[in-house]
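For reference, the structure discussed in these notes is given below.
Protein chains: 2
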Amino acid sequence: MEAATRNFRVGLVQMACAPDPNENLEKAVWRIREAAARGAELVCLPELFRTQYFCRIEDPELFALAEPIPGPTTNTLAALARELRISIVAPLFERRAPGLYHNSAAVILPDGAMAGVYRKMHLPHDPLYFEKYYFAPGDTGFRVFQTPCGPIAVLICWDQWFPEAARLATLAGAILILYPTAIGWHPPEKDAEGHAQLDAWRTIQRAHAIANGVFVAAVNRTGREGPPGRDLEFWGSSFLADPFGRVLAQAPASEEATLIAECTPALIEQTRRHWPFLRDRRTDAYQSLLDRWSDRR
Amino acid sequence: MEAATRNFRVGLVQMACAPDPNENLEKAVWRIREAAARGAELVCLPELFRTQYFCRIEDPELFALAEPIPGPTTNTLAALARELRISIVAPLFERRAPGLYHNSAAVILPDGAMAGVYRKMHLPHDPLYFEKYYFAPGDTGFRVFQTPCGPIAVLICWDQWFPEAARLATLAGAILILYPTAIGWHPPEKDAEGHAQLDAWRTIQRAHAIANGVFVAAVNRTGREGPPGRDLEFWGSSFLADPFGRVLAQAPASEEATLIAECTPALIEQTRRHWPFLRDRRTDAYQSLLDRWSDRR
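Protein chains in written order, with our numbering: chain A, 1 to 297; chain B, 1001 to 1297.
Structure below.
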């Protein structure tokens, strides 16, 4: 497959999000332009980039932030993709039907067409991350989108803690898994736990690259949001890892960045030939992965 | 379950293996004694500790190294376990029937009884690691053994690259996953790839701890084996990671060590309450994990 062996540059937009959704879209547009000018053919924005991370509270008024796909944001970004001749991954609060909302990502191709939508499959619901209130569980499964850079998968934030998701994206043919993200520190925990949390986050995603022999990119927001005592400090640190888990590029924690990194898909087959995990999976013995716990049967 | 909330010490025996199997058993015995004297209640030996890593070549004469379980080695170690009142994990080249051999690990309890046997499920077969020649694929599945330290799982070496194995051991109730191992560098590759290989190995096992909220221990051999040009330099670096992926203890690369580390099982539930991945697995969407690749259906 020709597309999968051509090198290409990805652009990872790490941004802070303002209260005004229009300001965030404007910033995303200029950062996408910057990424394209620096050679990116595929640009990924952070999770729910149009807004601040509203899931810090549960408030029915906030469903008004949702929009359809296609809709105003994807229309704007489709025009931009067409102009710049690049692919864009746009994570959005999707209004799929009245009363039915998802944490989604639209994949837009260089001709402005929509390759499709991924809807976040694994939803968190924990202090200041009350996502099960807003979002219905995704029903897309772990899809692959055909782009001029090759087949890519988009998973979203909490998905990054589940090896099953990365494996399924790999088996579906992904050469690159993108993780748009909104993860940060609870400031009171940061001193004691912050380093270990960030390290665990980086470690598990690097491990997905290693286990599957794929490129993995995390695209996080940065900045502090919310009132003192109810605030989150998003930890940035967006990165790209190669199929060996080596970090090729890494953004800082507390600054915005347009991170550009090169993917060399030929490295995938080379890595997998030396460490042929896909050859040796015991698919005959994995049935219990479909169980919640071992007491089911 | 009381056993799962009591702290306990594990002993990880990192040893170099001599050509003489008796010498290796003697060394294992005195290192187990040392570990017990330092408070270990559960001691794990490296993969195939009785011999040098014979899978560097394919030679039918070498099947003579195999032994039954129970057999001479487990008899010796059962007596030792009883004397020291500890549990011992003994990885062996198992002769299960004439012509049927496995890469196995016997789990011996403090009364000298056998808790059971794990037979390596994922077998490598790559330059100097020709395991598919010697060993039939394991048929035990990913078991848990009840010990006085709580329920533990034993996986072996190549298993460590498969997130499925660690997940299944966790769902079966393991609080600690032990990985007896024989992994090392091909000396000609070491300068260019050695650091990344060791780092990938540590990273993916730390990630199993994180993804599953369990303790993970790797128990590797050390030393150089084989003639120049066909030799392996085993990279030691045995370690214990906590359910957050933090490395609690780590052995050097090129020296023997009896590594003692404490497991605090209460940390498992604490970690999982804060990062409740087991709550959020999408077991309804994992069916394709049973496929080899996405073209099956």
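No residue lacks a Cβ here, since even glycine has one placed at the ideal position from N, Cα and C.
Classification of residue i by the beta-carbon crowding that lies within 10 angstroms, buried from 16 upward
{"i": "A:Gln-270", "result": "exposed"}
{"i": "A:Asp-280", "result": "buried"}
{"i": "A:Pro-98", "result": "exposed"}
{"i": "B:Pro-1019", "result": "exposed"}
{"i": "A:Ile-57", "result": "exposed"}
{"i": "B:Ala-1165", "result": "buried"}
{"i": "A:Arg-292", "result": "exposed"}
{"i": "A:His-195", "result": "exposed"}
{"i": "B:Asp-1242", "result": "buried"}
{"i": "A:Ala-200", "result": "buried"}
{"i": "B:Met-1001", "result": "With a pLDDT of 42 at B:Met-1001, under the threshold of 50, the predicted position of this residue should be treated as unreliable, and no value is reported."}
{"i": "B:Asn-1212", "result": "buried"}
{"i": "A:Leu-100", "result": "exposed"}
{"i": "B:Glu-1308", "result": "Nothing can be reported for residue 1308 of chain B, as the shown portion of chain B is limited to 1001 through 1297."}
{"i": "B:Thr-1073", "result": "buried"}
{"i": "A:Arg-202", "result": "buried"}
Per-residue DSSP class, three states only, for residue i
{"i": "B:Pro-1021", "result": "helix"}
{"i": "A:Ile-210", "result": "helix"}
{"i": "B:Gln-1250", "result": "strand"}
{"i": "B:Tyr-1286", "result": "coil"}
{"i": "A:Trp-185", "result": "strand"}
{"i": "A:Met-1", "result": "Residue confidence for A:Met-1 is low, a pLDDT of 43 falling below 50, so the modelled location carries little weight and cannot support an answer."}
{"i": "A:Ile-268", "result": "helix"}
{"i": "A:Arg-292", "result": "coil"}
{"i": "B:Val-1089", "result": "strand"}
{"i": "A:Tyr-133", "result": "helix"}
{"i": "A:Pro-151", "result": "strand"}
{"i": "B:Ala-1028", "result": "helix"}
{"i": "B:Asp-1126", "result": "strand"}
{"i": "A:Thr-258", "result": "strand"}
{"i": "B:Gln-1146", "result": "strand"}
{"i": "B:Asn-1007", "result": "coil"}
Residues of its chain near residue i, where Cβ-Cβ distance is below 7 Å and the 5 sequence neighbours each way are ignored
{"i": "A:Leu-278", "result": "Arg-272"}
{"i": "B:Lys-1027", "result": "Met-1015"}
{"i": "B:Phe-1054", "result": "Leu-1062, Leu-1065"}
{"i": "A:Ile-210", "result": "Phe-244, Gly-245"}
{"i": "A:Glu-256", "result": "Gln-14, Met-15, Ala-16, Thr-222"}
{"i": "A:Lys-132", "result": "Leu-123, His-125"}
{"i": "A:Thr-5", "result": "Pro-265, Ala-266"}
{"i": "B:Gln-1146", "result": "Ala-1115"}
Nearest to residue i (by Cα), restricted to the options the options
{"i": "B:Asn-1220", "options": "B:Leu-1048, B:Ala-1115, B:Asp-1191", "result": "B:Leu-1048"}
{"i": "A:Phe-142", "options": "A:Leu-178, A:Phe-244, A:Ala-36", "result": "A:Leu-178"}
{"i": "B:Ile-1108", "options": "B:Glu-1255, B:Pro-1070, B:Glu-1193", "result": "B:Pro-1070"}
{"i": "B:Asp-1139", "options": "A:Thr-283, A:Leu-289, A:Ser-294, A:Asp-295", "result": "A:Thr-283"}
{"i": "A:Leu-168", "options": "B:Gln-1160, B:Gln-1287, B:Cys-1157", "result": "B:Gln-1287"}
{"i": "A:Ala-153", "options": "A:Asp-126, A:His-125, A:Ala-115, A:Glu-189", "result": "A:Ala-115"}
{"i": "B:Gln-1197", "options": "A:Gly-39, A:Trp-30, A:His-102, A:His-274", "result": "A:His-274"}
{"i": "A:Val-214", "options": "A:Ile-204, A:Glu-256, A:Val-144, A:Pro-265", "result": "A:Pro-265"}
{"i": "B:Ala-1285", "options": "A:Asn-24, A:Ala-81, A:Leu-25, A:Arg-119", "result": "A:Arg-119"}
{"i": "A:Leu-301", "options": "A:Cys-44, A:Leu-25, A:Thr-181", "result": "Here chain A has residues from 1 to 297 only, and residue 301 of chain A is not among them."}
{"i": "B:Leu-1025", "options": "B:Thr-1005, B:Ala-1253, B:Thr-1051", "result": "B:Thr-1051"}
{"i": "B:Gly-1184", "options": "B:Gly-1236, B:Tyr-1134, B:His-1208, B:Thr-1203", "result": "B:Gly-1236"}
{"i": "A:Glu-225", "options": "A:Glu-23, A:Glu-193, A:Pro-252, A:Pro-187", "result": "A:Pro-187"}
{"i": "B:Val-1311", "options": "B:Phe-1130, B:Val-1089, B:Ala-1136", "result": "The structure shown does not extend to residue 1311 of chain B, since chain B is modelled only from 1001 through 1297, so no value can be given for it."}
{"i": "A:Ser-238", "options": "A:Pro-46, A:Asn-7, A:Asn-22", "result": "A:Pro-46"}
{"i": "B:Ile-1086", "options": "B:Gly-1173, B:Ala-1105, B:Glu-1041, B:Asn-1212", "result": "B:Glu-1041"}
{"i": "A:Trp-30", "options": "A:Leu-176, A:Arg-96, A:Pro-72, A:Thr-76", "result": "A:Thr-76"}
Close Cβ partners of residue i (< 6 Å) along its chain, the five nearest in sequence each way excluded
{"i": "A:Ala-3", "result": "Confidence at A:Ala-3 is low in this model, with a pLDDT of 46, below 50, so the placement of that residue should be treated as unreliable; the coordinate-derived value is given next. Excluding sequence neighbours, A:Ala-3 sits near Gly-150."}
{"i": "B:Leu-1084", "result": "Ala-1036"}
{"i": "A:Glu-23", "result": "none"}
{"i": "B:Asp-1059", "result": "none"}
Sequence-distant residues of its chain with Cβ nearer than 8 Å to residue i (five each side left out)
{"i": "A:Ala-261", "result": "Arg-9, Val-10, Leu-12, Ala-217, Leu-240, Leu-248, Ala-249"}
{"i": "B:Arg-1230", "result": "Arg-1056, Ile-1057, Leu-1128"}
{"i": "B:Ala-1253", "result": "Leu-1198, Thr-1222, Trp-1235, Gly-1236, Ser-1237"}
{"i": "A:Ala-79", "result": "Gly-112"}
{"i": "B:Ala-1207", "result": "Pro-1163, Gly-1245"}
Cβ-heavy atom distance, residue i to the ligand FAD, below 8 Å
{"i": "A:Pro-110", "result": "The ligand FAD is not among the ligands present in this structure, which contains no ligands whatsoever."}
| Closer than 8 Å, Cβ to any Cβ of chain A: which residues of the stretch 1267-1283 of chain B, in chain order? | Hits within the stretch, in order: His-1274, Trp-1275, Pro-1276, Phe-1277, Leu-1278, Asp-1280, Arg-1281, Arg-1282, Thr-1283.
| request: Residues of the stretch 1242-1256 of chain B with a CB closer than 8 Å to any CB of chain A: list them in chain order, please. | output: Cβ contacts with chain A come from Phe-1244, Gly-1245, Arg-1246.
| request: Output, in sequence order along the chain, the residues in the stretch 177-191 of chain A whose CB is closer than 8 Å to any CB in chain B. | output: If the cut-off is 8 Å between Cβ atoms, the stretch 177-191 of chain A has nothing near chain B.
| task | Scan the stretch 151-162 of chain A for residues whose Cβ lies nearer than 8 Å to a Cβ of chain B and list them as they occur along the chain. | result | Flagged, chain order: Trp-158, Trp-161, Phe-162.
| request: Anything in the stretch 19-37 of chain A with a Cβ closer than 7 Å to a Cβ of chain B? List those residues in chain order, please. | output: Residues of the stretch 19-37 of chain A that bring their beta carbon within less than 7 Å of a beta carbon in chain B are absent altogether.
| said: Any C-beta of chain B within less than 9 Å: which residues of the stretch 70-91 of chain A qualify? | reply: Cβ contacts with chain B come from no residue of the stretch 70-91 of chain A.
| query | Taking any Cβ of chain A, which residues in the stretch 1131-1142 of chain B have a Cβ under 8 Å from it, in chain order? | reply | Of all residues in the stretch 1131-1142 of chain B, those with a C-beta nearer than 8 Å to a C-beta of chain A are Pro-1137, Gly-1141, Phe-1142, reading in chain order.
| Got a sec: which bits of the stretch 1110-1123 of chain B sit with their beta carbon under 8 Å from any beta carbon on chain A, in order along the chain? | The residues in question are Met-1121, His-1122, Leu-1123.
| query | Quick one, which residues of the stretch 1215-1245 of chain B are near chain A if we go by CB-CB under 8 Å, in chain order? | reply | So the list reads Phe-1244, Gly-1245, given in the order they occur along the chain.
| task | Please list the residues of the stretch 41-60 of chain A that have a C-beta atom closer than 8 Å to any C-beta atom in chain B, keeping them in chain order. | result | Result list empty, no residue passes.
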